[in-house]
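In what follows, a single structure is set out as structure tokens and then discussed.
Residue numbers (the numbering used here), protein chains in the order written: chain A, 267 to 939; chain B, 267 to 939; chain C, 267 to 939.
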């Protein structure tokens with residue numbers, strides 16, 4: 267069995283992507299000296315090195331990598347060694363031009379950026395297997411080797427290819443999945459618009475069509491593309507397991523919904539030995555620390571609650587957004603420890619030394635262009651020291667309060683064309699509900715809709731358009747057994763083939779919610795409605811309304827105007843030992859908080875401690891103890907209540923009753939007991 | 267001679283598209299039971315059934331359709347039978363991949379949505395003729411057959427194909443149209459930018475060019491594409507006429523300018539036995555009932571004033587807009603009867619039973635997902651009953667007050683690139699003038715610019731950029747003989763080849779308007795000018811101004827600021843026995859009303875009865891009587907004056923002096939006498 | 267040696283593009299009569315005539331051009347004769363379809379607009395050389411011939427082609443430029459993302475890639491494309507020089523940054539015998555006369571300060587903008603004389619007679635559609651007479667006060683993807699600094715960063731992202747020798763291969779500015795910061811901030827809020843005998859003026875005379891005298907100070923002390939002495 271933590275790493279991971287091939291070897295000595303100064307414990311190497319390692323078909327140049335790994339080993343830096351299969355060399359493409367991917371409208375991409383790969387292509391697969399084998403044979407038992415890093419960020423920049431090779435591969439996938447063309451016709455509803463196939467060989471990828479194509483085909487193609495990437499991951503992983511036994515194999519995820527939308531991480535989480543994640547702040551004016559917490563919670567959930575590792579984030583600004591501000595002083599450390607609080611076993615960066623050339627030269631790094639006489643470098647050194655002080659938290663697990671259901675496949679389905687309103691966005695609702703829970707200082711686990719939910723007092727369903735009958739039954743049992751469920755509109759509408767469940771909406775949830783929805787009635791752009799409820803409270807809603815018909819549920823909030831005036835807006839349904847809430851419109855932060863307050867009461871969730879907004883408290887716990895992480899994202903010093911006294915690990919000070927938390931600071935308290 | 271009304275239909279048409287192939291046959295029984303409950307008299311069948319009827323080349327499966335037609339016949343439901351030529355089966359495309367259409371930049375579309383057809387393709391033409399022949403032979407005298415429904419919504423989603431086959435076809439069309447390459451050079455003005463051809467074989471479709479191509483070529487390609495669709499319609503129609511004699515043949519138009527811009531319906535109106543139309547509300551916050559009335563008037567005008575049939579609209583929301591709100595309670599019936607008021611012989615829907623699968627599953631239907639215990643179904647049943655009460659209005663004709671000139675070819679020409687301002691939009695002006703007339707409670711006929719206009723006291727020309735010399739002479743004669751003409755700016759500028767008429771603008775209208783325009787001077791984005799006129803009235807205008815030089819016309823409104831300050835903005839020209847008005851800028855609703863008020867006075871149009879805004883009154887008249895339709899689009903009960911007493915058909919009550927018209931209601935009064 | 271002024275032209279140039287092929291020859295007589303009436307001295311002929319001159323391969327029809335040139339000569343109108351190589355005839359493309367250019371995503375353009383040329387194509391090159399040879403042999407010593415006009419507006423509408431022929435050509439260019447593939451790898455930094463090449467034959471153009479490609483490759487491709495156009499220009503020029511000795515050869519530039527971004531005019535200025543320019547007002551609500559002045563100054567600078575010729579502008583509105591307003595009365599003359607003030611030896615127009623057909627029929631002309639009874643024609647005649655009164659200013663040179671550095675290659679580099687903020691735009695900063703100098707009534711020379719700057723008391727660097735080490739040294743020497751330098755942010759960052767200069771930003775300018783920049787920190791959309799400085803002055807800034815570390819420089823303005831609060835915003839560095847200013851954020855007009863005021867003081871620039879805003883004063887000087895041009899762009903009459911008395915040439919009046927300058931008027935005073 268492969269290990270599930272970086273081999274030989276006895277501290278929290280700290281370091282970054284290291285691309286020494288961009289620098290003369292004379293710089294390498296300086297690099298390891300600085301790594302030691304900063305307390306770097308792990309670096310990722312070789313991710314983009316195929317063209318250097320195999321400069322011509324079957325000709326290898328491992329000398330530089332031998333020297334590098336030895337140097338790192340001598341310096342006490344562990345190595346996360348990449349398979350460079352995200353960047354086949356140009357000679358490969360000139361031999362196999364058909365390995366370049368093709369867009370839905372038939373444009374074949376050119377070599378020259380990265381990740382331009384048709385993952386169905388057999389020549390690519392053979393070449394990738396070969397270079398992986400070469401690396402595994404040569405370095406599989408290198409003493410510096412801590413883990414294997416397969417490929418890079420599967421799913422971007424190309425999420426699917428539409429070439430003829432993929433068409434054939436898709437047909438094989440369909441044959442495996444459905445068996446017969448009749449089953450495909452049934453699943454895809456091809457009676458509509460005369461789309462019926464009589465032979466699987468007639469089926470192509472969902473290439474450009476004059477108007478909207480078959481949605482079930484489009485959905486299956488997303489599944490196929492994801493499965494194809496996983497096939498390729500597994501092929502490399504299996505080679506590594508065979509030739510480098512025991513060493514954990516990972517690939518870096520991008521679980522933030524803003525950063526990758528083409529990967530079903532629930533499936534991928536089961537394939538890797540250790541979940542690792544890349545996370546970058548989206549600087550669009552919203553609260554970046556909330557999105558960070560959400561991505562970290564999602565990563566931990568994908569890892570099944572086990573510790574994971576933040577493999578990339580940035581020391582300061584990135585380079586690929588429309589506008590790339592720097593991080594504020596202290597923010598890098600606070601971001602890093604926010605990931606650690608939610609389960610990461612360290613904090614790694616892209617990248618160690620800022621590139622002078624290429625597309626990413628304006629991306630910050632641990633060693634910036636300005637060198638070591640810079641704020642960024644000083645903060646890097648300080649963070650290295652802080653992480654060293656937290657070594658004992660390794661292997662502890664983050665404690666969650668509530669579950670939020672999430673399913674990438676439902677997101678894919680909901681994002682297809684011709685939905686009731688383009689203003690509705692499953693990700694927006696997931697963000698909004700997460701933010702509302704965050705602002706109630708609740709720690710969130712994400713869960714698949716068919717997962718066991720019995721451990722959670724409250725389960726929130728932000729927008730789960732596609733929901734299988736099994737998922738519906740799962741939620742019903744959860745409520746009947748005493749759970750509290752809170753469901754947002756446009757959930758439970760279609761089955762796994764994007765077919766509307768029979769009968770009235772929401773087919774998979776009618777019974778548990780105790781209502782039907784006669785019609786959706788999205789609002790016009792910038793249109794809002796008023797919603798009135800308990801104690802005369804009035805909320806504003808937008809984007810979406812519905813004609814809800816209670817069939818067992820009671821009305822808690824009511825539409826006060828608009829087409830649905832007088833109809834239920836928010837309902838509550840007692841079922842068995844539990845309660846199911848339904849929100850039929852898009853509420854803002856205030857509205858979500860009001861509904862959550864009531865649902866939390868049903869769930870008997872203890873009211874959270876009296877914490878200021880943007881002060882984040884998370885608990886990791888394990889055999890060695892219980893650790894309270896407190897992060898102050900505000901610019902004011904605060905004191906927060908501390909029920910159990912303990913020792914603050916970064917300052918070494920004792921804390922009891924109240925914990926002092928300066929503006930922008932992080933504190934980690936080992937609670938006594 | 268084929269009939270011009272659905273054979274055997276003795277009531278107003280009521281029903282919808284019926285796609286039973288999406289459901290097990292067990293559901294069919296339920297369907298006909300519900301059709302009877304709702305009073306359905308006609309359904310459209312088979313429009314998308316090619317793949318089911320001909321599952322492989324030359325292999326047919328008519329059994330299900332036999333059973334269906336017999337079942338419908340037994341249930342007293344008449345059938346509008348489709349030729350399924352809008353959806354060739356996938357096997358056809360795999361045999362003839364070149365039948366898939368190609369975009370202007372060379373992308374060939376894929377099978378998988380609908381209407382992906384190169385209409386020049388000879389294999390497509392042969393296959394379409396064959397399936398049409400098969401259907402006509404089998405069902406040409408079926409007792410359920412009321413009419414033939416050829417294809418579906420010609421012109422969308424592909425309005426033109428740019429493949430090599432179309433190129434050859436285009437060259438034949440040019441040879442037929444122009445005879446010689448010299449004539450093409452002359453018509454297209456190819457001396458410009460060195461575009462001269464020396465052989466027709468050198469000519470291609472207006473594919474992607476680095477900058478703007480030849481506008482006359484682009485305009486001719488639109489004509490060619492439209493003519494090609496008409497060729498294919500005629501081919502099917504002629505087969506049906508031959509094999510199913512007497513049965514009327516139609517194809518469903520989409521006359522609303524918002525819904526199809528590629529079809530010259532003036533030409534198509536002459537080809538069908540019965541004009542039918544599809545109409546959908548565009549829910550962008552504007553008054554949907556005005557657009558509906560306009561589309562209905564345009565449809566009636568295309569039908570030459572004869573009764574027509576609304577073949578598709580929606581019971582509630584659609585699925586293909588950015589935001590798809592539901593219809594308000596009562597709106598479906600009001601929409602339906604608004605079409606009937608303006609000449610439709612019934613109200614049909616897309617579709618009977620809401621699909622569970624495919625791209626249109628969120629489009630409302632007569633039988634919604636929620637079944638019969640729903641508001642929509644209850645309103646459907648009520649509408650069926652109401653239509654039954656109105657049977658006697660069949661064959662009456664709507665009475666119009668004024669004419670508005672419209673020409674799709676001019677619209678095409680005006681929409682080409684490099685016009686003086688992209689803010690000017692012929693359709694916007696047509697909408698605006700229509701709305702101004704609607705708000706004066708005037709019923710509008712649309713007319714082609716070369717049509718006989720002598721019956722109309724007032725003729726409005728919203729924006730007729732392309733106007734032949736014949737059209738100019740037609741308008742001049744109209745005015746000289748006593749008519750009142752009101753022309754908006756950028757009219758009469760070019761001839762049929764997009765060549766500017768010789769001499770000063772507006773070449774085709776200089777004489778009748780008594781002025782020349784030295785220069786257009788469009789306004790900047792969001793720029794407005796003031797215009798002052800009679801009695802010190804001041805109007806705001808935007809988008810467009812002109813340097814008008816009166817040459818016989820008198821100035822009525824004058825620009826008060828901007829580049830054209832002090833110049834005429836609105837002029838009036840007495841010519842012969844009539845008067846011609848010119849509006850040289852874009853006036854809003856208030857301005858148009860002010861100008862219309864004066865022009866209506868010249869036209870001696872009786873001031874309309876004192877009706878509230880958004881209360882619509884239309885009259886149908888015929889041998890059996892005169893019927894006043896009153897529709898209240900407001901949320902207030904009103905009473906409207908009734909000069910002639912009569913019997914209200916929906917309530918059966920007598921009405922005299924004033925007619926009570928509750929909020930949202932429709933009343934249809936058979937006037938005494 | 268070819269001459270550098272139009273042969274035989276004894277007056278200022280006045281006339282336009284003349285396309286008589288669009289009209290019957292009967293119109294030509296009318297044309298020359300009107301040319302005489304208007305005082306036309308020069309017309310451009312034959313630019314788009316290839317298809318007429320060579321209707322089939324090797325068959326020529328020169329008769330019409332013979333007649334035309336004789337007619338013009340007889341009428342005293344000089345001829346600027348075009349080589350028609352921008353519009354190969356359709357027969358050429360049908361023989362050589364691969365001569366049509368291809369976009370980066372593989373779309374091959376079609377014939378039918380203009381300029382659809384792959385400039386690497388050998389068949390095109392041969393055909394272009396042939397028609398040029400034919401014309402030169404036939405008309406090389408025609409008495410009407412004043413100069414040769416090669417091609418038309420190189421660089422638009424196709425700036426680069428991406429076909430296989432260009433790929434091969436690009437590889438040859440790389441071989442010539444770099445010698446070896448190793449040198450290319452080094453220059454392009456291909457170690458990044460595994461992009462290393464092992465053979466030049468592996469390299470393709472920067473075609474569509476899934477994410478950002480190699481920036482140095484993209485930059486070199488822009489250089490290659492520009493160089494390829496210059497090769498083709500040179501090939502034609504050399505034929506003309508050989509066969510038509512002494513006659514000057516030009517091609518019409520479009521130096522306005524808004525109108526062409528793909529040509530390095532510094533390089534082109536050295537290739538032509540006489541710089542000519544096309545200029546069109548961009549009517550987006552900004553002050554068009556400032557952009558005009560800037561383009562004229564840039565054109566003169568490209569000409570090395572020598573007189574140049576405005577070859578195209580418009581009499582009134584154009585046709586290719588989103589909105590094309592007319593010119594105000596008097597504006598055409600003011601525009602024309604503004605070009606003359608800044609060095610143009612006349613004013614030419616596109617075009618003589620407005621087209622009735624084709625894509626440009628709504629572009630104004632000297633003879634509008636409305637003929638001669640129009641405001642435009644009357645103004646044309648008046649302008650012709652005015653230009654005749656100014657003949658003596660020929661060959662004088664415009665006097666500049668300051669230099670602004672500009673480099674098209676830096677602009678290209680800065681415009682590549684993944685820069686710190688897409689809101690930053692080198693052209694915007696160049697416009698803004700130019701406008702600030704204009705508003706201080708300073709006349710600007712533009713200069714290449716490596717040019718000798720010693721003549722200028724003040725040098726402004728608006729945004730020069732790419733700056734070679736040589737340029738950096740040039741600026742350092744300039745300052746050390748007493749110059750005053752003002753540098754805007756994001757300057758001096760990368761070398762000629764888009765590689766970040768080693769060490770802290772701004773590598774090429776650290777020493778001269780006396781500071782380093784630790785990090786860029788662009789602002790979010792619509793975010794602003796306050797900047798406080800001398801005497802408590804407070805400015806607003808947006809788009810960009812930086813963490814500036816003074817290393818010798820003193821802080822003059824300081825960030826008052828935002829991430830960089832408390833850090834330097836604007837600094838001043840005394841170095842040797844000079845001073846270097848740095849502005850690290852985006853200041854608006856008020857801020858730039860405040861900084862310029864201080865820098866101008868350092869530069870000991872005499873405060874400009876007390877002139878109203880939008881009153882422009884420029885001086886041309888030469889052996890025959892010194893001429894003060896005063897242009898009043900306002901709607902108020904003004905008097906401006908006149909230090910030296912003189913004679914006003916347009917009115918013939920004497921002026922002393924103060925010059926009366928009516929609203930909208932231009933005055934040209936020959937100063938006494």
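Yeah, the Cβ is synthetic: ideal placement off N, Cα and C, and Gly gets one too. Values in this document were obtained by computation on a predicted structure and should not be read as measured data.
Using beta carbons (cut-off 8 Å, strictly below), is residue i in contact with chain A?
i, result
"residue 318(B)", "yes"
Is residue i close to chain B? Criterion is C-beta to C-beta, closer than 8 Å.
i, result
"residue 235(C)", "No information on residue 235(C) is available, as it lies outside the stretch 267 to 939 that chain C covers here."
By the 10 Å Cβ neighbour count, where 16 or more other Cβ atoms means buried, how is residue i classified, buried or exposed?
i, result
"residue 480(B)", "buried"
"residue 644(B)", "exposed"
"residue 276(A)", "exposed"
"residue 511(A)", "exposed"
So is residue i in contact with chain C if we call contact Cβ pairs under 8 Å?
i, result
"residue 676(B)", "no"
"residue 756(B)", "no"
My guess is that residue i and residue j are in contact by the Cβ rule of under 8 Å, so how many angstroms apart are they, rounded?
i, j, result
"residue 367(A)", "residue 429(A)", "7 Å"
Please report the straight-line C-alpha distance between residue i and residue j, rounded to a whole angstrom.
i, j, result
"residue 863(C)", "residue 587(B)", "56 Å"
"residue 385(B)", "residue 520(B)", "19 Å"
"residue 933(A)", "residue 546(A)", "23 Å"
"residue 421(A)", "residue 583(B)", "36 Å"
Handout entry: Segments of 4+ residues assigned as alpha helix (DSSP H) that fall wholly inside the segment 543–585 of chain A
Key = 554–568
Problem - beta strand (DSSP E) segments (min. 3 residues) lying fully within the segment 282–317 of chain B - result: 308–311
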